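Written below as structure tokens is the structure these notes are about.
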Amino acid sequence: MALGQEDLIQIQQLIEKTLASRPEAVNANVRYELDIRERIVRVEEELKHQRQLMLQGFENSNKRFEEVNRHFDEARSDVNKRFEEMRADMNKRFEQVDKRFEQLDKRFEQVDKRFEQVDKRFEQIEKHLTIITQRMDRFMFWSLGLTVSAVIAIVKLT
2 MALGQEDLIQ IQQLIEKTLA SRPEAVNANV RYELDIRERI VRVEEELKHQ RQLMLQGFEN
62 SNKRFEEVNR HFDEARSDVN KRFEEMRADM NKRFEQVDKR FEQLDKRFEQ VDKRFEQVDK
122 RFEQIEKHLT IITQRMDRFM FWSLGLTVSA VIAIVKLT
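Going letter by letter, the sequence shown gives residues 2 to 159 in this note's numbering.
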């Protein structure tokens, strides 16, 4: 059963009458739409506020990271300074040790010179002892010769 054009017009008039007799239904839809639009506006504003808070949080995080980086840079420079100070101190100590070794080398050279002097003295004493030994040998040879000559002379005289 197909509806004709007249039937459709009549149905439309009935719907309009019914809606006109119940204005709160039309107003309810309008109010509902207004409430939804207000909620959407509030949600959008809240999202906008949340975005601003997030951006502010990101900026604060970036600032904090920059501060941490600056702190690490300062700490790194402090560590480098301390390391350089320690290196300089160690270099000074090594220089002092080198100086001490140089002093020890000088002392050993002096001891070597003294040993050379002692060796020379021993050589001189050895030469003197050799000369004295030669003289003693000659003296003993002459003494023996004189003693034998005296004995022979006494034996011949007697």
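Glycine included, C-beta positions come from ideal geometry on N, C-alpha and C. Predicted model only: the values in this text are computed from it and were never measured.
Under a three-way DSSP split, which group does residue i fall into?
i, result
"residue 35", "helix"
"residue 145", "helix"
"residue 5", "coil"
"residue 159", "coil"
Using C-beta distances below 8 Å, list every residue in its chain close to residue i, excluding the 5 sequence neighbours before and after it, in chain order.
i, result
"residue 153", "none"
For a cutoff of 8 Å on Cβ pairs, would you count residue i as touching chain C?
i, result
"residue 54", "Although the question refers to chain C, the structure presented lacks it and comprises just one protein chain."
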